[in-house]
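All remarks here apply to the structure that follows.
Protein chains: 2
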Amino acid sequence: MFKNTRKRFIKNLATSAVVLSSCMSFLVSADVLTQQQKNEMNSLSTTIAKSDLSYQLIESLTTEVGHRLMGSEGDKKSIEWAVKKMQALGFDKVWTEDVHGTFWQRGEAKAKIISPFPQDLVAIALGGSVGTGEQGLTANIAHFENLAALKAAPDDSLAGKIVFISHRMEKHITGRGYGGAVGARVGGAVIAAQKGASALVIRSVGTDNNRTAHTGIMRYKEGVVKIPAASLSNPDADMLVNQLKRQANVSLYLKLTPHTDPKVIAKSANVIGEITGSESPNEIVAIGAHLDSWDVGTGAMDDGMGVGMMMAAAHHIAQLPQRPKRTIRVILFAAEEVGLLGAKQYMVDHKDEMKNHIIGAEWDFGTGQIYKMTSGVGKNALPAITELAKYLQPLGVELSPENNAVAQSDMSMLSEAGMPSMNFAPDGTLYFDYHHTENDTLDKIDQPTLKQATTIYALFAYFAANSGVNFR
Amino acid sequence: MFKNTRKRFIKNLATSAVVLSSCMSFLVSADVLTQQQKNEMNSLSTTIAKSDLSYQLIESLTTEVGHRLMGSEGDKKSIEWAVKKMQALGFDKVWTEDVHGTFWQRGEAKAKIISPFPQDLVAIALGGSVGTGEQGLTANIAHFENLAALKAAPDDSLAGKIVFISHRMEKHITGRGYGGAVGARVGGAVIAAQKGASALVIRSVGTDNNRTAHTGIMRYKEGVVKIPAASLSNPDADMLVNQLKRQANVSLYLKLTPHTDPKVIAKSANVIGEITGSESPNEIVAIGAHLDSWDVGTGAMDDGMGVGMMMAAAHHIAQLPQRPKRTIRVILFAAEEVGLLGAKQYMVDHKDEMKNHIIGAEWDFGTGQIYKMTSGVGKNALPAITELAKYLQPLGVELSPENNAVAQSDMSMLSEAGMPSMNFAPDGTLYFDYHHTENDTLDKIDQPTLKQATTIYALFAYFAANSGVNFR
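Residue numbers (our numbering), protein chains in the order written: chain A, 1 to 472; chain B, 473 to 944.
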C-alpha cells in the first residue's frame, strides 16, 4: 500500500460514524435485482463459501513467484503468472498494458551503535533511498520525537548528524496511526537534508515488536541533497532511545548499498482481465488490486490478498449460467508501491473510457475481517447502495451513513476522475504488524476472512454489473 | 534454556494435575514463620510492587551489554556487569568462579530454493554446527515429517541429500511442544549423517510465524561425520513444504560459515552473590538464573528475566532491618545455552558444600505469569511448603499436589545431587515465539508479570532462609 492514497483512505474511515441500519426501512424503492438475480447472489455466496480458489491463487503467486518489485525478475514473472491464471480461469479477455519506471535494487543494510554501548541494530533501506557507499558512514545521532520536531529544528543545526525520528505508530482498527507516522518515512529525508544531516533513520512505520524493519517509499526533492534513509525495527528503535536516555552523544554506523541505474527504463505492466457484459459490454464495473509488492516477504497480504480475491470473484461470476449485463473488469495494477505508476498509466490509457467506469472498488488493506462499507456515489444511487448493503449485512458488513468514499490505493485516482466508488473497510489492527516487511507471507492470510472478502467483492461486482443503476 | 533440563522440567509439568487447595486445611501444623516474619513477608510484597528494580536490571543488562554467548565479548562484559551490580545492590559477598569451554562464532547463514521456484529463505545455524565452506552446498531435499521418520529411513538412503525435518512445535501453556520438537534440533544431524546426508535443515523449534529462525544447541557424535545444521523460520519451512507438494525434486542452496578455534579455551564465570545468614550462614538457600545467552537478540527473556528477578529479590531482602537466618545465594550460571557448563563447574566447585544447599529454585522460562508451584522436598517438609503456598496463593500461584519437582535448567543438576527444590511454572504460551531468536529483546518483558515473579522468588527465599525447616 502506497502512502498518499492510504492517507486519504484512512481519513475517510476515521471520520465515519456508526452505521444507522435502521434507516434502511425508510428507503423503500423497487428492488434493483430480479428474483433470479437474487438467487444467483445466494448461489455465489454458497459457491465461494465452499471454494478455496482465492487462497489457492495467493498460495500460487507467493510460492511460484514470491516478491515482485517494479522492474524485478519477480515482477516479470508475476505478469506472466496473472495472464496465464486469468486465461485458465475463463476470463473472456485478458491483456497487459505497459508501465515504465525505474528498478530500485535494495542492496545491503547495516546499522550499529558504536558508542556508548555497541549493539547491532536491524535496519532496512527505505524504498528509493540512495546509498551510503560501501564504507558506510558514522555520525552522532540527532534525536527527534516526530517529524514536526525535526521541522522545528533550526536551519543548518544538524550538520553531519544522523537524524533519528522515534515516533511510534499507533495500533488501531482503522489503521489511522499510519497517517501520523508515514510522513517521517516519505518526507523526513528532505527536511533532515535541508538542515544539514548526513542520513535519516526512523522507527519503522509498523505496530509490531519484531526485529523486522518496515520499508516503504520515500521521496527526494529537486535541489535538496539526497541523503540515505533507513528504518529500524521497533525493538531496535527502543534500544537507540534507551542509549540516548543515558547520554546525548550516541554514535551510529550506517551502511546502505541500494542501486538504481538511471539509464535503464524498467518495464512492467497492468494486467487486465474481463468478464464481458452481455447487454452493455462497454459499461465497466472495475475491481482491482495491485500485482507488485515490495522486495521483502512474498507480498501475500500486500497485495496478493487483493489479487486472489479479485480473480476468484470474477471467476465465480463467470461460472454462472449467464454473463452479467455489464462488463466486470479486473485490473491488477503495476508498480503501486513505488508511486502508483500503474494507476497513472491506466489513467492515460483509459482517459476516454473513464466515463464508462460505472463503479469501482479496490482491495489493498491486508487480511482483516471487513466490517464496514462506504459509498461514494451519486445521490440517486443511494437506494441501490442500501439494497446492496442488505446482501452484505449477513457477512458482517455495516453500511456507513457517509457517502464520500474514494476507492483504495490505485483506484483512488479513478475515483478522483469521477468514477463512483465503494470502499470496504477491514479490521486493520494487525495489518501494520506485517506491512512492508519480510513477514508479509502466506501464513498471515486468514482463510475464513479471505472467503468473506471474496464473497463481498463478488456480490458487489455481480450487483453492480447486473443492475441498470447509474451510480454517478 | 538448554535442552535436557527443559525436557525433564516439562515432563514434570505435563504430568501435574490440578492443585487440591482444599487439602491445605487438613495439614494443620505450627506456623513456620513468626508474626514479625509474616509482617516482613507483607512488607517485601509491598516494596516489590512499588519497585521496578528487576526491570531496570534487565534494561541495563540488555542495553549496556546485549547478547552474551559463552566466550564472547558480551559474555565478559556481562560478568563485570553482574559483579558491579551485585556490589552496588548491597550483597554481602560477591565473587566469580571460572568456567571454561569453547567459543563458537556464528558467521553467516544463507539458504535459498534453487528449483523449482527460486526463493530466498531465512535460516540460522544451529549452535555448535560446522560450516558448509564459503562456497556453500547445493543438493536435493529429502523431506521427513519428524525425527522418527528420519530414523526409519534406510541406511545410506540419503547420500548427498539435504535432510529437511518439517515437524511443527505445538503451542501450549506448559511449553510441552518443545520436548517433541527439540530432538530434531539436537540429534537430527547425527541421524542424517549416518544415512549419508550432506546437511540438515529443520523447521525452527518455535511457535511464531515470524521470519526469524530459532537457534539452539545441536550435538555431534564421535565417529559420525559432522554435517552443517540450520533451522528455517516457520514461514520459510512452509515455503519449502509447499514447493515439495508440487514436486519431490526441490534443490536447496545452503551456506553456513560458523567457526570454532579448537585451540582456544574460552573463559567465562559463574557469578555468585550472597546475603549472608545471621544465624546459620553455612546453610544456603539458592536462587539462580543463567547469565549467558544466545548470540541473537539481547537475551532479555532468556535469561535476563531470571537475572533481574534473582538480583532484585535478594536486594529487597537485604534491605530489611535484619539479615535472614540462613544465607541466600544468588547464582548466575555461565554457559547454560551451550551445555550447562556453568552448572557442571558449580557441581565440581561446591561438591562438599552440596549438603548445605537447603533448598533451591531457578528461573529460566521467559516472561509468562506464574500459575503453579511444585515442590521436590522431603515428606516432613510438606507442611512448610503448604504454608509457603498460602503466601503465594494471593499472587495467583496454586500448589501442585505432586512433590517430584526438580529445579529449572542449571539447578536441575543440584536437584539431582539431592538439593530440595521448588519449581515455579509460568504460562509458557508465548515463550517459544521468541526463544533463541533475534526477537528476544526487552520489549518482550511484561512488567506486571516480572513484579509477580520477583515477589514470588523473594517470598520463597525469605521463607526458606528464615524457617528452621529441614527440606530434605
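A virtual CB, placed ideally from N, CA and C, is assigned to each residue, including glycine.
Remember, it's a predicted structure, so these values are computed and weren't measured experimentally.
Please report the Cβ distance between A313(A) and T96(A), rounded to the nearest whole angstrom; I am assuming they are in contact, meaning their Cβ atoms lie under 8 Å. At roughly 20 Å, the Cβ-Cβ gap does not stay under 8 Å, so A313(A) and T96(A) are not in contact.
Could you spell out where the beta strand (DSSP E) holding R326(A) opens and where it closes?
326-333
inquiry  = Just to check my reading of the structure: K582(B) and A597(B) have Cβ atoms closer than 8 Å, yes? What is that Cβ distance to the nearest angstrom?
reply    = Their Cβ separation, rounded to whole angstroms, is 10 Å, which puts K582(B) and A597(B) out of contact at 8 Å.
Bridge partners of R203(A), per DSSP?
L232(A)
- prompt: Nearest-angstrom Cα distance between V500(B) and P855(B)?
  reply: Residue placement at V500(B) is flagged as unreliable, the pLDDT there being 44, under the threshold of 50; the coordinate-derived value follows with that caveat. Between V500(B) and P855(B), the C-alpha separation is close to 8 Å.
Original post:
For S494(B), which residues from the same chain have a beta carbon less than 7 Å from its beta carbon, with the 5 sequence-adjacent residues on both sides left out?
Top reply: Low confidence applies here, because S494(B) scores a pLDDT of 35, under 50, leaving its location unreliable; read the following figure in that light. If we look at S494(B) and ignore the five residues flanking it on each side, it has no Cβ neighbours.
> Taking just the CA atoms, how far does T604(B) sit from M354(A)?
Replying inline: 58 Å
Q) the segment 260-274 of chain A: which residues have C-beta closer than 9 Å to a C-beta of chain B, in chain order? A) none
Test item: CB-CB of A300(A) and L332(A) under 8 Å | no
Contacts that P707(B) makes with chain A (C-beta to C-beta distance below 8 Å): N439, T441, L442, D443
TODO: Give every residue of the same chain whose Cβ lies closer than 7 Å to the Cβ of I165(A), excluding the five residues on either side of it in the sequence, and list them in chain order.
DONE: F144, N146, L147, L150, A184, G188, I202, R203
Which of the three DSSP states, helix, strand or coil, is assigned to E808(B)?
coil
Touching by the beta-carbon criterion (3+ pairs, under 8 Å), the segment 926-941 of chain B and the segment 789-807 of chain B: yes
- Would a C-beta distance cut-off of 8 Å place M373(A) and S400(A) closer than the cut-off? yes
Jot down the residue ranges of each uninterrupted beta strand (DSSP E) in the segment 263-305 of chain A, minimum 3 residues, whole runs only, in chain order. 266-275, 280-290
Check your understanding: Does any C-beta atom of chain B lie closer than 8 Å to the C-beta of Q243(A)?
Key -> yes
Practice task
Note down, in chain order, every chain C residue with its Cβ under 7 Å from the Cβ of N514(B).
Solution key: Of the chains in the structure shown, none is chain C; the protein chains are A and B.
### Interface residues of chain A facing D710(B) [CB-CB closer than 7 Å]
L442, D443
Practice task
Kindly list, in the order they appear in chain A, the residues whose Cβ is closer than 9 Å to that of V594(B).
Solution key: E438
- Quick one: grab the DSSP three-state call for M496(B). Because M496(B) sits at a pLDDT of 38, beneath the cut-off of 50, its placement in the model cannot be relied upon, and the point is left open.
Proximal residues of chain A, C-beta to C-beta of G579(B) below 7 Å: Correct list: empty, because the minimum Cβ distance to chain A is about 14 Å.
Note to self: Taking a contact to mean a Cβ-Cβ separation below 8 Å, would you say I217(A) touches I275(A) in this structure?
What the structure shows: no
If you measure between the beta carbons of A199(A) and L254(A), is that distance less than 8 Å? yes
From V19(A) to Q393(A), what distance separates their C-alpha atoms? Low confidence applies here, because V19(A) scores a pLDDT of 31, under 50, leaving its location unreliable and the question unanswered by this model.
message = Can you tell me whether A937(B) is helix, strand or coil according to DSSP?
response = helix
For N875(B), which of K548(B), G900(B), L867(B), V849(B) has the nearest alpha-carbon? V849(B)
Output, in chain order, the set of chain B residues within a Cβ distance shorter than 8 Å of T212(A). N682, R683, T684
>> Ignoring anything shorter than 3 residues, give me the beta strand (DSSP E) runs that lie fully in the segment 59-142 of chain A, in order along the chain.
In response: 93-101, 109-115, 119-121, 123-125
Kindly say whether T839(B), judged by its beta-carbon, lies nearer than 8 Å to any beta-carbon of chain A.
no
**Report entry** Distance CB(H686(B))-CB(V697(B)) smaller than 8 Å
**Finding:** no
Exercise. Could you spell out where the alpha helix (DSSP H) holding P426(A) opens and where it closes?
Key: Premise fails: P426(A) lies in the beta strand (DSSP E), 421-426, not in any alpha helix (DSSP H).
List, in order along the chain, the chain A residues whose C-beta lies closer than 8 Å to that of R694(B)? Note on identity: in this sequence residue 694(B) is Glu, with Arg being the wrong assignment. None at all; the shortest Cβ gap to chain A is about 35 Å.
Coil, strand or helix - T846(B) by DSSP: strand
| Using a Cβ cut-off of 7 Å, which residues of the segment 44-68 of chain A contact any Cβ in chain B, in chain order? | E59, T63, E64, G66
Are the CB atoms of R211(A) and T684(B) within a distance shorter than 8 Å? yes
Apply the 10 Å Cβ neighbour rule to V820(B) and answer buried if 16 or more other Cβ atoms are within range, or exposed otherwise. exposed
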